Structures are given as structure tokens and as C-alpha cells.
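Worksheet: the structure to be examined is printed underneath.
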Amino acid sequence: MASTADLTTPRLAGHALVEALVAQGVDTCFGVPGESYLAVLDGFHEHRERIRFIACRQEGGAAFMAEAQGKLTGRPGVCFVTRGPGATNASIGVHTAFQDSTPMVLFIGQVASDQRDREAFQELDYRQMFGPGTLGLAKWAAQVDSAERLPEYVARAFHTAMQGRPGPVVLALPEDMLTTLTAAPVLPRVEPARAWPAPGGLRELRARLVAAQRPIVIAGGPGWDAEAANALQRFAENWQLPVACGWRFQDSFDNRHPLYAGDVGIGINPKLAARIREADLVIALGIRLGEMTTGGYTLLQAPRPAQALVHVHPGPEELGRVYAADLMLQAAVPAAAKSLEALTAPPELPWRAHTAAARADYEANLEAPAVAPMDLAVVVKTLQRLLPESTVYTNGAGNYAGWLHRYGVLPGLQHHGRTQLAPTSGAMGYGLPAAVAASLLQPHRWVVNLAGDGDFLMNGQELATAAGYGAKKLLSIVVDNGTYGTIRMHQEREYPARVSGSDLFNPDFAALARAYGWHGEFAADTGDAVAALQRCIEAIEKQDRPALLHLRLPTDVITSRTTLSAIREAALKSA
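Heads up: the sequence shown begins at 0 in numbering that gives the first Met the number 0, then just goes up one per residue.
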């Protein structure tokens, strides 16, 4: 039988595109169908035994699913949408992939070539819309005008999406090009080129470690795999270094390990924040030093931190973007972690007590005062007790996620792969589509989506996608506090007792879930929540369908650390 690479028989370019995706190892694509790429949809039918197309209910949800696919697999997630409104809807997923450094390819059906530049029906210039730049939406945006060059563009798209700092690529596909016959060959599977850190830089990094008294590692970002995670752990063990994880990359280091110090982002443990400020050496490994991870550029003062800073990152454009680091190393995360693992430590390390104290601070932060009537800390801890450690947790944007970040204890990804899918872009509506994607891509694993009421309804229609395509071990928990909580929190801080535009008027989420074919439960206090959670898990196991738990949370309980009343009172006193 001829190999995929030998397929040179003339066929529709839309079919050739599907063959190219199969050659890249893609077995699932997400999207919303459109008349602009019918030839591609026919290609999915032609090759249905090797690749599937998941038809979603809105392009934003489809793009989020593809972004989650990129996070889970480390290779580009793939999304197809139609022109105009389809592309604009999908742009939120492209922006998330860019800010999160996630490999992704978005294919957009385009108007026919003979209609271009006339403002034809739903016509847009996607190179202008998604055009690359330091603050653009995509790493590369192009239009494929020649069917013969389609495999070339696909291969370049996969290279671009994975190499250096990973990110999204956008390819526009004119409708008439896709229906052209082509004998273009299928190109082989793309593997990213990886940069290794310079030996001289590694020697300098070791010298800085030897001279340090209070070092700390902040790890995260794209490109982590099991070997890299293991190598980081051995590096930390060799040097007895405290390791914190960047915002929403909490699974980069095993949270159960005695060297883990917590996550760095919104809602950071105040003691960890102080420890980072007081460090004399910060090693930022793979992570972007963006606003959330740096606490608004205050944990590390921009542009010149008080701490000595070593920044290791796969993208040269990221190094020196904000911070004048003392040492910058361009390297892919797996290469960097393996190189660091080989650095020999001296027999005596002066910071062992410092490292032990960092761990003690993390463990103390896991303890929480009881909150009535609904204690989300108990809900998160119950989840982790009842479900396997390989469970994937997803969320979108909102204060509710703080409970998951604070009380969720995640294994390093060397044990089960990614267990945290969350947008560092702060995009609302991400969590449910990401959970659906994870459940469909890895059906052997449990998947839990924690969503706020505002967050959930941005893509709640993807409940239908989960039910229609047979998602199984999938649980969504909707935290309903009747408000856009993050906005309300800021309102009370800046304009106390002057609420405007942040109230929400919600449905019965459990009934909504049942209408989509899910099992649905409701709870308004902690005891009922634990019992309802157990019933949801039992329904998933016995009825072989997903479940949703609707939790009612008092509006005043705004974060895991404070209340709206306390924020308002403090703001009024300072006014």
C-alpha cells in the first residue's frame, strides 16, 4: 500500500488538505461548517477512518477547542471556520493561542479568487486582520492561492506554529482553489527545530547560583513534555531550589513535591510574593514575564529588577521585551531543562532552610477558614479526593478560578500529561469548550470544568457538542453568584457601593444541562454540594454521559481571601 507521502494522484485540493493534516498526525479537527470550504468537508468524509471533524456550535467555542488541543498534545490544534463572521468569531481563540503561546492552525474558507477585493459576501483580508506583529493575533497569516502549493503552506504553518515561541497560524483558503484538481505530493510530518542554550551561558548561570543566597525558579510557558518536567525536577533536587509555577501553568512542576512553592499569578500567596521580591536570584524558565505572572510588573520591577534575573525562553523576541535580565538564554524548554539538569551543585547549599520555608508557606496556604453556606475550598478538595490524579481541570476567566488555583494540587505533567487547561489571555468562555475537547481527545481521562455563571454562558451551547459526540467522563461545575464577579470586585474597590452593569440574570443551569442530555444537579450549601458532586460522578459512571453541577454562591464571597463587604468597607474608609 502506498504511503501517505506517495499520494500524488490528482484529487480536489480540499482532499489534499485533509491528507496533509493526516500526514502531520492530526486525527481530530474542530470547526463550524461553511459553504466556503465544502471541498474540505468532503475530504473529511473521504478520509473519515483516519481523521474526524467535530462540528461545534459557535466558532469561538471551536477555536477554544483547537487551542486546548494544542495545549494537550504539544502539536498544533486545528480549527476550520468559514469567512467573515466565522473568522471574527474564531479570533478569540487565536488571541488566546497567541498570548498563551499555544501551537494552533486556523483555516478560513475565503471568497472565490474572481470575487476578491470587491467586498464580496463576507469578504475580509485575513492577512490584515490576523497579521503578525509583536502585538498581533497570529505568528503568520497567509492566503493559499495555488492548489499546487497547498502542502507547502500546510508544512510551513506547522513549522511556524511550533518553532521558537509557539503560537497560532492562520491560512485563508479561496473557495475555487479548494475545488481545483491537484497532484501535489503530501509532505512528511513536521518536527520543530529546537535551540539549545549556549555553553557559556550555562556556566554563567551556574556561577550565579553558586553565589546566591535566596534563589527561586519560576517555571511555565509552552513546550513542556514529560522529559522536560523530569529534568526540571532533577535540576531542582540537585540544587534544592524552590520552584514556583507561572500563572495557569501550575502543572509544569509536581505540586506534591517538597520543592514546590506555589503558583505565581492572580491571588498569589502573599508569602510567596514576598519571597520572590526578597530573592537575590530569579530563574524564569520557559515562562513569559507578563503582567499576571509578575503582579503587574511589581514582583519584578520593570525594566530593571532588584533581583538578579536569568530568563530562559524559546522565543528571541520575548527576551528583553520588558526586562533587562542579567542573563538571557534562548532555548527550547526541553533542551534548557536537560541542560540545567546536568549542572553540578556544590556540596553545601546555604538556602536549604529558605526552600523548606517556601514549602511550608505553600502547605499553610492550602488551609482555609470555613465559609458558609457554600465553601468552594471544600468543593475543590472533594473533587480531588474523589477523582483520579490524572483528571484534567479547565476554567475560563473569573474570580471563581482562584479557588481551583489555590486549592487544586496538580501532578507534574510527566505523570499524566497536561492537567490544567486555562487561558492566560483571560478569555471568558474558554473552560467548557476546552473541557469538551479534552474529553473527546482523551476519553480515558476524567475532565472537570469549573466555570463562573458569566463565563459559562459565553459558550454554554457547546454542551450540545459534548453530548452529540459522546463525551463521557466530563463534569462541569457552574459557580453562580449572580454577577460578573471580577468586575464587581473592582467596582467596589474603585467606586464603592455604586454597582452598574455587573449584575447577571441566570437560568436554572441544571435544567439547562438536562435539556442538552446531561445529568444535572443543584446545591446551595456545602453539604448538599458534596452529596450532589457524588451523585454527578455516579451518574457519569453509570449512565455514560456528562454531568453538570450548579452551585449557588453568595455574591459577597468574592475571592478565596476576602469579601465584597470587606473591599467596600476598606474603600469607603480610604475615600
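All C-beta atoms in this analysis are idealised placements derived from N, C-alpha and C, irrespective of residue type, glycine included.
The structure presented is a predicted model; accordingly, all values stated were derived computationally and were not measured.
Next on the checklist: If you reduce the DSSP assignment to three classes, tell me which class H44 lands in.
Outcome noted: helix
Next on the checklist: Just to confirm, is the Cβ distance from V478 to Y399 under 9 Å?
Outcome noted: yes
Checklist entry - Are the segment 117 to 129 and the segment 80 to 94 touching, with three or more C-beta to C-beta distances below 8 Å? => result yes
Item to check | Cβ pair count under 8 Å reaching 3, the segment 59 to 67 against the segment 15 to 32 | outcome: yes
Next on the checklist: Run through the DSSP bridge pairs and tell me what F106 is partnered with.
Outcome noted: F79 and L170
Item to check | Three-way DSSP call (helix, strand, coil) for M457 in this model | outcome: coil
Checklist entry - Between R358 and the rest of its own chain, which residues show a CB-CB distance below 6 Å, the 5 nearest in sequence each way excluded? => result P257
Next on the checklist: By alpha-carbon positions, which one of S475, H414, F455 and G407 ends up nearest to A437?
Outcome noted: S475
Next on the checklist: For P442 and V311, which I take to be in contact (beta-carbon distance under 8 Å), what is that distance rounded to the nearest angstrom?
Outcome noted: The Cβ separation is near 35 Å, so there is no contact.
Checklist entry - Along the chain, where does the alpha helix (DSSP H) that runs through N237 open and close? => result A225 to W238
Checklist entry - What is the residue span of the beta strand (DSSP E) that M327 lies within? => result L326 to Q329
Next on the checklist: Pull the bridge partners of W350 from the DSSP assignment, please.
Outcome noted: Looking at the DSSP assignment, W350 forms no beta bridge with any residue, so it has no partner.
Next on the checklist: Is it the case that the segment 367 to 382 contacts the segment 267 to 277, given that we only count it when at least three CB pairs across the two stretches are under 8 Å?
Outcome noted: no
Checklist entry - Beta carbon of V556, beta carbon of V378: below 9 Å? => result no
Item to check | I244 versus E520, R233, A283 and L550, residue with shortest Cα-Cα distance | outcome: Looking at the sequence shown, residue 244 is not Ile but Cys. When each option's Cα is compared against that of C244, the closest is A283.
Item to check | Distance between beta carbons of R188 and A331, contact taken as under 8 Å | outcome: The Cβ separation is near 18 Å, so there is no contact.
Checklist entry - CB-CB under 8 Å to V209, same chain, minus the five flanking residues each way: which ones, in chain order? => result P345
Next on the checklist: Between A341, P165, D116 and P302, which has its C-alpha nearest P191's C-alpha?
Outcome noted: P165
Item to check | Straight-line Cα distance separating E568 from A225 | outcome: 48 Å
Next on the checklist: Please classify E34 as buried or exposed, where buried requires at least 16 neighbouring CB atoms within 10 angstroms.
Outcome noted: exposed
Next on the checklist: Suppose contacts are defined by Cβ-Cβ distances below 9 Å. Is F455 in contact with L431 by that definition?
Outcome noted: yes
Item to check | Residues that DSSP places opposite W139 in a beta bridge | outcome: V168
Item to check | Helix, strand or coil at D479 [DSSP, three-state] | outcome: strand
Next on the checklist: Here's the rule: buried if 16 or more other CB atoms are within 10 angstroms of the residue's CB, otherwise exposed. What is Q57?
Outcome noted: buried
Next on the checklist: Measuring straight from C-alpha to C-alpha, what distance separates I425 and D99?
Outcome noted: Note on identity: in this sequence residue 425 is Gly, with Ile being the wrong assignment. In a straight line, the C-alpha of G425 is about 10 Å away from that of D99.
Item to check | At least 3 beta-carbon pairs within less than 8 Å: the segment 383 to 400 vs the segment 350 to 357 | outcome: no
Item to check | DSSP bridge partner residues for Q419 (one or two, in chain order) | outcome: Y392
Item to check | Proximity winner among S338, G83 and D262, relative to R205 (alpha-carbon distances) | outcome: S338
Item to check | Sub-9 Å separation of A194 and V216 beta-carbons | outcome: no
Checklist entry - Just how far apart, CA to CA, sit A421 and H404? => result 10 Å
Checklist entry - Could you give the residue range of the alpha helix (DSSP H) that holds H312? => result Run containing H312: none in the alpha helix (DSSP H); it sits in the beta strand (DSSP E), A307 to H312.
Checklist entry - Should L449 and Y392 be called a contact, given that it needs their Cβ atoms to be closer than 9 Å? => result yes
Item to check | Closest residue to L201 among G219, A307, L328 and P553 (Cα-Cα distance) | outcome: L328
Checklist entry - Which class does E568 belong to by DSSP, given the choice of helix, strand or coil? => result helix
Item to check | Rounded straight-line distance, which links the Cα of D144 to that of N254 | outcome: 49 Å
Item to check | CB-CB length for A156 against L172, believed under 8 Å | outcome: Not a contact, Cβ separation roughly 12 Å.
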